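Visitor: Provided herewith is a single structure, encoded as structure tokens, for subsequent inquiry.
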Amino acid sequence: MSLWKQAIEDAVQKTRANIERYGVLFPHVSKDGKYLLNANSEWTDGFWSGMLWLCYEYTQDDIFKQAAERTVASFRNRMDENKALDHHDIGFLYSLSSKAQWILEQDEAAKQLTLEAADKLMARYRPKGRYIQAWGREGDEKNGGRIIIDCMLNLPLLYWAYEQTGNTAYRDVAIIHADKSRRFLVRGDDSSYHTFYFDPENGESLRGGTHQGYGDGSTWTRGQAWGIYGFALSYYYTKNPQYLETSLRLARYFLERLPEDDVVYWDFDAPVNAETKRDSSASAITSAGLLELLSHLPADHPERAFLEDGLQRSMTSLVNNYATIGQPEAEGLLEHGSYSVRAGNAPDDYMIWGDYYYLEALMRLEKGVTGYWYERA
Ligand code: GLY
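Numbering (the UniProt record's numbering), first residue to last: 1 to 377.
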């Protein structure tokens, strides 16, 4: 059995056990080895849904399908109650839950729910500043003019809505935001800002900064990972070669800085000593993103071997050194993720998005299953 298949079998077994453990609740990050659960109010709740759909695709076992459909019903409810949707992560939430159901089952109600989600995300577009506001209400003093690189993974929801409806406004907003992110969040040396501020009245660029990174001018490894995958996805939808090139530049920067065990620390600029925290989730996102990027490069691309080597090294280390294989009672799949080291919030724990992207990358390596960022041919 391949290493990837062994890892998938272990992940499927743990996800199966977690269905009963979690019931109607959703895992977020862990504390003392147990996932903290919530009643569908976090930005992360789509990842559990996505894991269930991936396990269903792999096993065809109805237990996963039923559990996944229950999560979509919960997302319907969240939309109806307008609960905790006042941020841009609507793309993460509804791409991996209702959009996944539409992709797998062509369920009309799931499609309609996903279109409602796209409209909610559109409502965060600020025409004067020409960006999608990440956090807070319109006019918010601190966050009103702020974008973050993570949003690149929310844009596929808008591209998808354009494809489903023919309404070009969805695509136009996604492209405006992707272009702005490319211009201001990606630096000349191929590193990235986590966040950037604009004047909300006229869109004038103000300054780069961070929220979860080591410093305003540092490179938070998970932000770089969101950029690698997100720009590759914007390329998939638009075929604008600048997005592919941006994904490649960010990937090169990331892979040239892999540490001795090939899984990154939480920030490329954090001083490294025996106490420095890792972020296994950043390496998992990057692995899934590299698979997307590689799928768009010609077979003879000069950097293909370098990217493939980085992917193999990252995934092999995640499976051998970070996965909970051999710990049947463990809830999470990947140890040593970090949510916010600087805030002391889950600095060395399971992250549900780390588990999701690890499983997505494994499924892609083993079976070619791409996840739910876009419709499958
Ligand atoms: N998108 C939030 C995070 O990566 O922590």
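Beta carbons are placed, not taken as given, at the ideal position from N, Cα and C, and that holds for glycine. Bear in mind that the values here come from a model prediction, so they are computed numbers and not experimental data.
Looking at the unbroken alpha helix (DSSP H) that takes in HIS28, where does it start and where does it end?
Guide: One-based indexing of the sequence shown puts residue 28 at position 28. Careful: HIS28 lies outside any alpha helix (DSSP H), inside the beta strand (DSSP E) at 26 to 31.
Visitor: Cutting at 6 Å between CB atoms, please list the residues of its own chain near residue 378, excluding the five before and the five after it.
Guide: Any answer about residue 378 is impossible in this case: the structure gives the chain only from 1 up to 377.
Visitor: At a cut of 8 Å, does the segment 97 to 109 reach the segment 68 to 75 through at least three beta carbon pairs?
Guide: Touching, yes.
Visitor: Sorted by chain position, which residues of the same chain lie with C-beta nearer than 6 Å to ARG146's C-beta, five sequence neighbours on each side aside?
Guide: Here residue 146 refers to the residue found at position 146 of the sequence shown. Excluding positions up to five away in sequence, the list reads ALA134, THR195, TYR197.
Visitor: Between ASP80 and the ligand GLY, is the CB less than 7 Å from at least one heavy atom?
Guide: If you number the sequence shown from 1, residue 80 lands on position 80. Checking every heavy atom of the ligand GLY against the Cβ of ASP80, none is found closer than 7 Å.
Visitor: Short check: CB of residue 384 to CB of THR210, under 8 Å?
Guide: Nothing can be reported for residue 384: it is not among the residues displayed for the chain, which extend from 1 to 377.
Visitor: In the DSSP assignment, what residue or residues form a beta bridge with ARG207?
Guide: Counting from 1 along the sequence shown, the entry for residue 207 is found at position 207. In DSSP, ARG207 forms a bridge with TYR197.
Visitor: Just reading off the beta strand (DSSP E) that LEU37 is part of, what are its end residues?
Guide: Here residue 37 is taken as the residue at index 37 of the sequence shown, counted from 1. Run containing LEU37: 34 to 38, per the beta strand (DSSP E) assignment.
Visitor: Taking the runs of the beta strand (DSSP E) that are 3 residues or longer, which of them lie wholly in the segment 114 to 192?
Guide: Correct list: 146 to 148.
Visitor: Which parts of the segment 11 to 96 are runs of the alpha helix (DSSP H), unbroken and 4 residues or longer, counting only runs that do not cross its ends?
Guide: Here the runs fully enclosed are 45 to 59, 62 to 80, 90 to 95.
Visitor: Thinking just about the alpha-carbon of each residue, which of ILE285, GLY326, HIS296, PRO328 is nearest to the one in SER314?
Guide: Counting from 1 along the sequence shown, the entry for residue 314 is found at position 314. For the residues ILE285, GLY326, HIS296, PRO328, the minimum Cα distance to SER314 belongs to ILE285.
Visitor: Is the separation between the beta-carbon of PHE47 and that of TYR356 shorter than 8 Å?
Guide: For the purposes of this step, residue 47 is taken as residue 47 along the sequence shown, with counting starting at 1. For the purposes of this step, residue 356 is taken as residue 356 along the sequence shown, with counting starting at 1. In this structure, TYR356 lies closer than 8 Å to PHE47 by Cβ.
Visitor: Using a 10 Å radius around the Cβ and a threshold of 16 neighbouring Cβ atoms, would you call VAL272 buried or exposed?
Guide: Within the sequence shown, residue 272 is the residue found at index 272, counting from 1. The residue is exposed, with fewer than 16 neighbouring Cβ atoms inside 10 Å.
Visitor: Contact check, LEU293 vs ILE228 under 8 Å by CB: the rounded distance?
Guide: Position 293 of the sequence shown holds residue 293. Position 228 of the sequence shown holds residue 228. Indeed they touch by this definition, with Cβ atoms about 7 Å apart.
Visitor: Within 10 angstroms of its Cβ, does ILE216 collect 16 or more other Cβ (buried), or is it exposed?
Guide: Start at 1 with the first residue of the sequence shown, and residue 216 comes out as number 216. Per the sequence shown, residue 216 should be read as Asp rather than Ile. Exposed, by the Cβ-count rule.
Visitor: If you check the beta carbons only, do THR221 and TYR265 fall under 8 Å apart?
Guide: Looking up residue 221 in the sequence shown gives position 221. Looking up residue 265 in the sequence shown gives position 265. Taking 8 Å as the Cβ cut-off, THR221 and TYR265 qualify as a contacting pair.
Visitor: Quickly, what does DSSP pair ASN345 with across the bridge? List them, please.
Guide: Translated into positions along the sequence shown, residue 345 becomes position 345. SER340, per the DSSP bridge assignment.
Visitor: Confirm, please, whether the CB-CB distance from LYS120 to ILE90 is below 8 Å.
Guide: Numbered from its first residue, the sequence shown carries residue 90 at position 90. Numbered from its first residue, the sequence shown carries residue 120 at position 120. Yes, the Cβ-Cβ distance between ILE90 and LYS120 is below 8 Å.
Visitor: What residues match up with TYR265 in a beta bridge as DSSP calls it?
Guide: Indexing the sequence shown from 1 puts residue 265 at position 265. Paired residues: ARG278.
Visitor: Mapping DSSP to helix, strand and coil, what is LEU297?
Guide: Residue numbering aside, residue 297 sits at position 297 when the sequence shown is read from its first letter. Coil, per DSSP.
Visitor: Can you tell me whether DSSP reads TRP373 as helix, strand or coil?
Guide: Numbered from its first residue, the sequence shown carries residue 373 at position 373. In this structure, TRP373 counts as coil in the three-state DSSP scheme.
Visitor: Is GLN112 close to the ligand GLY? I mean its beta-carbon at under 7 Å from any heavy atom of the ligand.
Guide: Stepping through the sequence shown from its first residue, residue 112 is reached at position 112. No.
Visitor: Quick check on DSSP: helix, strand or coil for ALA330?
Guide: Numbered from 1 along the sequence shown, position 330 holds the residue referred to as residue 330. It is coil, neither helix nor strand.
Visitor: Put MET1 into one of helix, strand or coil per three-state DSSP.
Guide: For the purposes of this step, residue 1 is identified with residue 1 of the sequence shown, where counting begins at 1. Residue state, collapsed to three classes: coil.
Visitor: Take every Cβ of the segment 361 to 370, pair it with every Cβ of the segment 303 to 310, and state whether three or more of those distances are shorter than 8 Å.
Guide: No: the two stretches stay apart, fewer than three of their Cβ pairs being nearer than 8 Å.
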